[in-house]
Structure formats: structure tokens, C-alpha cells
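Novice: Take any residue in the sequence shown, note its place counting from 1, add 131, and you have its number in our numbering.
Positions of the beta carbon are idealized from the N, C-alpha and C atoms, including for glycine.
Here it is, the structure, as C-alpha cells.
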Amino acid sequence: MPTQRTVIPESHSRRLAAILAADIAGYSALMGADEGRTVTDLKGHQAVVLPMVGEFGGRVIDIAGDGILAEFGSVVNAVECAVAIQRKMAERNATIELPRRMQFRMGVNLGDVIYDDTRIFGDGINVAARLEGIAEPGGISISEDAWRQVQGKVAVDFIDLGEQSLKNIARPVRVYRVEFGGPNAAPQSGARVQTPVVADKPAIAVLPFVNMSGEPEQEFFAEGITEDILTELSRFRELFVISRNSVFVYKGKPINVQKVANELGVQYVVEGSVRKAGSRVRITVQLIDAETDRHLWAERYDRELADIFAIQDEVTSSIVSILPGRVAAAAHDRVQRKLPENLAAYECVLAGKLLHHRSTRADNEEALRMLERAIALDPGYAHAHAWKGCVLGQSCVYGWCADLDATTRIVIAELTLALSLDENDSDVHRVLAAVNLAVRRDHDKALYHQERALALNPNDDLIVVQQGELLTWIGQAEQGIEWIQKAMRLNPYHPERFWNHLGRAYFVARRYDEAVKAFQRISRADHSHLAFLAACHAQLGDTAAASGAAREVLQRAPDFSIERFIATQHYKHESDREHHRAALVKAQLPA
Numbered sequence: 132m133p134t135q136r137t138v139i140p141e142s143h144s145r146r147l148a149a150i151l152a153a154d155i156a157g158y159s160a161l162m163g164a165d166e167g168r169t170v171t172d173l174k175g176h177q178a179v180v181l182p183m184v185g186e187f188g189g190r191v192i193d194i195a196g197d198g199i200l201a202e203f204g205s206v207v208n209a210v211e212c213a214v215a216i217q218r219k220m221a222e223r224n225a226t227i228e229l230p231r232r233m234q235f236r237m238g239v240n241l242g243d244v245i246y247d248d249t250r251i252f253g254d255g256i257n258v259a260a261r262l263e264g265i266a267e268p269g270g271i272s273i274s275e276d277a278w279r280q281v282q283g284k285v286a287v288d289f290i291d292l293g294e295q296s297l298k299n300i301a302r303p304v305r306v307y308r309v310e311f312g313g314p315n316a317a318p319q320s321g322a323r324v325q326t327p328v329v330a331d332k333p334a335i336a337v338l339p340f341v342n343m344s345g346e347p348e349q350e351f352f353a354e355g356i357t358e359d360i361l362t363e364l365s366r367f368r369e370l371f372v373i374s375r376n377s378v379f380v381y382k383g384k385p386i387n388v389q390k391v392a393n394e395l396g397v398q399y400v401v402e403g404s405v406r407k408a409g410s411r412v413r414i415t416v417q418l419i420d421a422e423t424d425r426h427l428w429a430e431r432y433d434r435e436l437a438d439i440f441a442i443q444d445e446v447t448s449s450i451v452s453i454l455p456g457r458v459a460a461a462a463h464d465r466v467q468r469k470l471p472e473n474l475a476a477y478e479c480v481l482a483g484k485l486l487h488h489r490s491t492r493a494d495n496e497e498a499l500r501m502l503e504r505a506i507a508l509d510p511g512y513a514h515a516h517a518w519k520g521c522v523l524g525q526s527c528v529y530g531w532c533a534d535l536d537a538t539t540r541i542v543i544a545e546l547t548l549a550l551s552l553d554e555n556d557s558d559v560h561r562v563l564a565a566v567n568l569a570v571r572r573d574h575d576k577a578l579y580h581q582e583r584a585l586a587l588n589p590n591d592d593l594i595v596v597q598q599g600e601l602l603t604w605i606g607q608a609e610q611g612i613e614w615i616q617k618a619m620r621l622n623p624y625h626p627e628r629f630w631n632h633l634g635r636a637y638f639v640a641r642r643y644d645e646a647v648k649a650f651q652r653i654s655r656a657d658h659s660h661l662a663f664l665a666a667c668h669a670q671l672g673d674t675a676a677a678s679g680a681a682r683e684v685l686q687r688a689p690d691f692s693i694e695r696f697i698a699t700q701h702y703k704h705e706s707d708r709e710h711h712r713a714a715l716v717k718a719q720l721p722a
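What follows is the structure, given as C-alpha cells:
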């Protein structure tokens, strides 16, 4: 049977067009806070922004609320217009208080459209709208079709985000994030400049992996590993990752690491190689501190070549999970050599995180001071606001705050602000999930933000392990065990507390022997770990071991009581809470 073709009415035609879609990030929240001012501010911004479309040879097709849809005959003009608008908005926002700033998210696509005298329709517009939806506030996402037309013609860099599944779009779309300089760095057609490195964020370059096999067919594998690492590293918002276009100019050339780092403006360089021998492949990778020419980390992966794509995915995930932690450790060494008043915003956040993880009252208070300094240095730093909420949340959970209700309100306010500043920061969603669980006991909201964090960055071991924690709390401990073990595989250098998460998951799953082994891996057990050990031994019928662990609990926490301890556990189901309570009673700990 012949394929049916849709007949386009005579009043409609088709053409290839560059489509720019834009809307305001967090517009609904702004309207909810102050409807009158939001409308006034929006009109003021539109009065400046809309004429810019015409200046770049485009025409505005539709304005709906905070949304703008524009068409251009040239993709170069569309991208240059988008960059110019974002820079203009940055200028305007500089004079506006942080909570009231409006930031456009923009998407640009090249596609076939159907048009009449006033409107345009078609899949090309839908893709542009979905690209806008995944762009960062103040950012621009473009499709691969658009990227092919503009590379080398617009003075910006592009970060390859890989293929993305866009809502209601049947096929995956390869997406590129536009990286551009400050508001005074006007675009110059035909020229390409390196994006300036943000001083308070570690910058890293992944050089093309070298094919050591002597087999041309292995070249695609070496390039694939490099591109995948670049794509996945770009998900970590605390790293500035140099684009593929910039690093691949060094392919096949002799490398002087310090010279390359200076040319690219980075502190860290990743090098690697691929060697095939028979049915096996060996992949080596090393992270170098370019400032000192010191190797920070190196690893070798030997694999059977049964499924080359599975190997590529596995090795990429492992490398990408480890690298950010190694960079953070190196950055911490730098932080320790500086006086606190000389720290940049990123370094303050890094110091705050490390203090937070020590989980003492004094360290918590110092962590809060470091994060408040980071926010003073950079009020729009979403990560700093998120971690301030996390540190304050810790003070709520441990009872270190004077006013629980007031502190909880500040926690929620900080996290809400962090989300409005950067709703695509995976760590913001990770912290939101943790706080909704630990402070608000809202398992559904915690699960929403956890799933969002996992979708944004499936290679962050902290997000992966938290998936296992959350599944344990909601009664799916067996699945939780699998996720925690995955996090441990992703990062063999994981924090010791991962053993605590695994032990708790085994306990909830009634796998007491394995729980004991996990808890015994903790070198400095506190009364909480020991209480779990006492419960596990009691369930196993080992009265002597249970009594010994219970005595240690009371030595470290003389005022320990079962009810107070159970109140600190985040179980969703009463059956899991009762199971834990009964095990502690069996261990003869005080009620």
C-alpha cells in the first residue's frame, strides 16, 4: 500500500529555518512572590530584548507570557543573537537584587518548518522548545544540526553534552551547550576564542587518548573514550571542562603538559592511551597537576574485547567517577596553603564541604562560616547556597541549632534559591533530596529530587550511593544494596561512610551477617554504628557480641535511648521502624 502524504494547504509552505526559543527560568516562583513587579520587570526586559531579534536579521513569531519564539534565516545570526541577549540580560541583572533577577534559558535549532503569513509550525520548533527546557538559567543549548552550521563562525566555545532524550521528541538529539565570555566580550563572526576560565572553579583538559595498538580501526575507540569522558565530566558543575574543539587540536602531536595547560588556561590535564593485544584491550589514564607537573592519580583497565561498547561505557563511568574527587583533593591541598581571607568562592565551598563531612558541632559551625563567605563573594553561586542549606540541615538533624523551626525555614529558603539559580545542578537536587528526607521527612519530594539528580549526573558516586540510601529508607533495601555497591565500584576511593550505608541496607534487608561485616569496615565507629552492630548480633542470636556492642554504645553515649535513636532514623514504613526497635530491645539497650 503506498505511503500517504500529508497535503499542505496552498496557504502554507515549507522552509528551513533557525528557531530560537526562550523563556524565564523560575518565572512561576517570581510571579508567586510578587506578581505586579514580575510583570513590570518582564515588560522592561522585553522592551530591550525583542528589538535585538530584528538587529540580527530575525523576526519574533510569538510571545506568550515569559516565552519568546523567533525565526532566523541564518543559524549564525540566531546563535549570535542569543549570546547578545544573554550578555545584555547579565548587564541588566547586575543592578537587581538576586531573588528578583530574571534569566532566560534559550534553545536554538535548525529544522524544517511549515509557515503561513503569520505563524510557523513543525517538529523543528518543538525541538528548539525542548532545548530551551534543558538549558541552564542564563545559558543556551543548541542542536547538533545547528552546531554544524556555526562551529568556527561564532566567537564562543561549545560543550558537547551528548545525545539527550527530549520530552515528546521521538529520536535522541545531540546537544551542545554554548560557552561564552562576559557581557563586554562582543561576538566577532569568523573568529574563535577560548572561553575564559572561571578563576574560582578547577579547569581541566582531557587530551585525546592515544591509540597505541598500531591498528587504524582502534582509532575510533580511542576517540570515543575521550569524547565520552568529556561529555560525562561536563555534568559536574564544579569543574570547568575544556571543549572537544579545543583539545582535539592536540591530537597526534607531541605533548608538553605544562605548555598545553598554559595555552588552555587549565590547572589539570588528563592523558590516556589505548592498546589492543589479541582479544584484550588495555586503557591507561592519568591526572596531572599542570602547575607542579605532578601525577595526582593513574589507573590501568584491562578488559576482554567481547563487547567494545560496553567496555567503553564501563571504563568511562569509572574514570569520570574518580576524577572529580582527585581534583577536589588537589584543590584542598591548595586551600590549606592559603589564609581564609584569601580564598575564592569555590575554595570556600570546598573547605565547607570537608568540614561538614567531619560531622562535629564545631566543624559544622566553621563550615557555615565558610559557605557564608562564599555567598558574600558570589551571591549567585547556586552550589554555595545548596551547601549552606545542607550544613544547616545537619545542625537540625544533630540538634545543634537553637531554633529548629527557624533554621528549617532558612534551609528551605537557601535550597529554593539554589534551585532558582541553577535548576540543572545535580548536586543542588542531591542536597534537596537529602534535606527533604532528613529534615522534612518528605519521602516523595526526596525521591523526586534524587531521581532528578541521578538523571543529571549518573556518574557522581555521591548521587549513586544516595539512591541506595533512599531506597533503603522507603522499604526497598535489596535494590538499595545494589546501588550502594555500584557507587563503591564507581569510586574505589569512596568515603568510609559508604560502609555505614551498606551495613544499614543489609540490616533493613534482614541480611545480618553481611551487615556486621560492613559495619566492621568502619575504622572509627560511633555510637550509631555500634547500635546497629548490637542489633545485628542480637538478631543473629549472638548474645555475647550483642552485649559487648551495647556496652560500647553506652560508654560513648551514656544517655542513649532506643526511642530517641529510632526517631533519628528515616524509615517510611512502620514495619521497618518496628523491626529496628525490636532488634535494639533484643540487644538489651535502654528504652
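Could you tell me the boundaries of the beta strand (DSSP E) in which R411 lies?
Specialist: Where R411 is concerned, the enclosing beta strand (DSSP E) stretches over R411 to D420.
Novice: Taking V400 as part of the beta strand (DSSP E), name the residues at either end of that continuous run.
Specialist: Unbroken beta strand (DSSP E) run through V400: Y399 to A408.
Novice: Using a Cβ-Cβ cut-off of 6 Å (strictly less than) and excluding sequence neighbours within five positions of L633, which residues of its own chain qualify?
Specialist: So the list reads I615 and A649, once near-sequence residues are dropped.
Novice: Are A392 and V400 close, meaning C-beta to C-beta below 7 Å?
Specialist: Yes, the Cβ-Cβ distance between A392 and V400 is below 7 Å.
Novice: Which term fits D536, buried or exposed, when burial requires 16 or more other beta carbons within 10 angstroms of its beta carbon?
Specialist: By the neighbour-count rule (16 or more Cβ atoms within 10 Å), D536 is not buried but exposed.
Novice: In the DSSP assignment, find the alpha helix (DSSP H) that holds W630 and state where it starts and stops.
Specialist: Taken as a continuous stretch (DSSP letters only), the alpha helix (DSSP H) holding W630 covers R628 to V639.
Novice: Per DSSP, H514 forms a beta bridge with which residues?
Specialist: BP columns for H514 are empty, so no partner.
Novice: Closest by CA to N257, which one among L200, E275 and E222?
Specialist: Nearest option by C-alpha distance: L200.
Novice: Taking only beta-carbon positions, decide if L715 is within less than 7 Å of chain B.
Specialist: Although the question refers to chain B, the structure presented lacks it and comprises just one protein chain.
Novice: Take M132 and list the residues in its own chain whose beta-carbon comes closer than 7 Å to its own, dropping the five residues that flank it on each side.
Specialist: Residue confidence is low: M132 scores 40 on pLDDT, short of 50, so the model does not pin down where it sits. Its coordinate-derived value is still stated next. Within the same chain, M132 has no close Cβ partners at all.
Novice: Identify whether A322 lies in helix, strand or coil by the three-state DSSP scheme.
Specialist: In this predicted model, A322 has a pLDDT of only 30, less than 50, meaning its place in the structure is not dependable; the value taken from the coordinates is given anyway. Coil.
Novice: According to DSSP, simplified to helix, strand and coil, what is V191?
Specialist: V191 falls in the strand class under three-state DSSP.
Novice: Specify the secondary structure class of D438 as computed by DSSP and reduced to three states.
Specialist: In the structure shown, D438 sits in coil (DSSP, three-state: anything other than H, G, I, E or B).
Novice: Around the Cβ of V179, are there at least 16 other Cβ atoms within 10 angstroms (buried) or fewer (exposed)?
Specialist: Exposed, because fewer than 16 other Cβ atoms sit within 10 Å of the Cβ of V179.
Novice: Jot down the residue ranges of each uninterrupted beta strand (DSSP E) in the region 139 to 222, minimum 3 residues, whole runs only, in chain order.
Specialist: Here the runs fully enclosed are 144 to 155, 189 to 195 and 198 to 203.
Novice: Per DSSP, which one or two residues make a beta bridge with E310?
Specialist: D288.
Novice: In the DSSP assignment, find the unbroken alpha helix (DSSP H) run with S551 in it and report its ends.
Specialist: Note, S551: alpha helix (DSSP H), L535 to L552.
Novice: Inspect the CB distances between the region 623 to 643 and the region 593 to 600 and report whether three or more fall short of 8 Å.
Specialist: With the cut-off at 8 Å, the region 623 to 643 and the region 593 to 600 touch.
Novice: Run the proximity test for A564: is its beta-carbon closer than 6 Å to any non-hydrogen atom belonging to the ligand NAD?
Specialist: Absence of the ligand NAD from the depicted structure is noted, as is the absence of any ligand whatsoever, leaving it without description.
Novice: If you reduce the DSSP assignment to three classes, tell me which class W428 lands in.
Specialist: In this structure, W428 counts as strand in the three-state DSSP scheme.
Novice: Which runs of the alpha helix (DSSP H) at least 4 residues long sit entirely within the region 546 to 593? Give them in chain order.
Specialist: Segments of the alpha helix (DSSP H) lying fully in the region 546 to 593: 557 to 569 and 574 to 587.
Novice: Rounded to whole angstroms, what is the Cα-Cα separation between R620 and F629?
Specialist: The alpha-carbon atoms of R620 and F629 are separated by roughly 11 Å.
Novice: Taking the Cβ atom as the reference point for each residue, do H487 and A505 lie within a distance shorter than 7 Å?
Specialist: No, Cβ-Cβ distance for H487 and A505 is not below 7 Å.
Novice: Enumerate in chain order the residues of its own chain whose CB-to-CB distance from V639 is below 7 Å, with the five nearest sequence positions on each side excluded.
Specialist: T603, A608 and D707.
Novice: State the CB to CB distance for the pair L418 and R457, rounded to an integer number of angstroms; the pair is presumed to be in contact (CB under 8 Å).
Specialist: Right, their Cβ atoms sit about 5 Å apart.
Novice: Hey, T357 and F371 are a contact pair by Cβ (cut 8 Å); roughly how many whole angstroms apart?
Specialist: Between F371 and T357 the Cβ distance is about 17 Å, and since that is not below 8 Å, they are no contact.
Novice: What does the Cβ neighbour count give for T115, buried or exposed, with the cut at 16 atoms within 10 Å?
Specialist: Any property of residue 115 remains undetermined from this structure, which presents the chain solely from 132 to 722.
Novice: Using a Cβ-Cβ cutoff of less than 6 Å, which residues in the same chain neighbour L563 once the five nearest sequence positions on both sides are dropped?
Specialist: Within the same chain, L563 has close Cβ partners L546 and H580.
Novice: In terms of residues, what are the limits of the beta strand (DSSP E) holding D509?
Specialist: D509 -> no beta strand (DSSP E), and no H or E assigned at all.
Novice: Where does the unbroken beta strand (DSSP E) through A680 begin, and where does it stop?
Specialist: Counting along the chain, A680 falls outside any beta strand (DSSP E), though it belongs to the alpha helix (DSSP H) covering T674 to R687.
Novice: Are there 16 or more other CB atoms within 10 angstroms of the CB of T169, so buried, or fewer, so exposed?
Specialist: So T169 ends up on the buried side.
Novice: Taking the alpha carbon of T171 as the reference point, which residue from A156, G196 and R682 has its own alpha carbon closest?
Specialist: Checked all of A156, G196 and R682; the closest Cα to T171 is G196.
Novice: Count the other CB atoms within 10 Å of the CB of H711; is the residue buried (16 or more) or exposed (fewer)?
Specialist: Result: buried.
Novice: Return helix, strand or coil for S452, following the three-state DSSP convention.
Specialist: Correct three-state label for S452: helix.
Novice: Residue range of the beta strand (DSSP E) that V244 falls in?
Specialist: Its beta strand (DSSP E) spans residues F235 to Y246.
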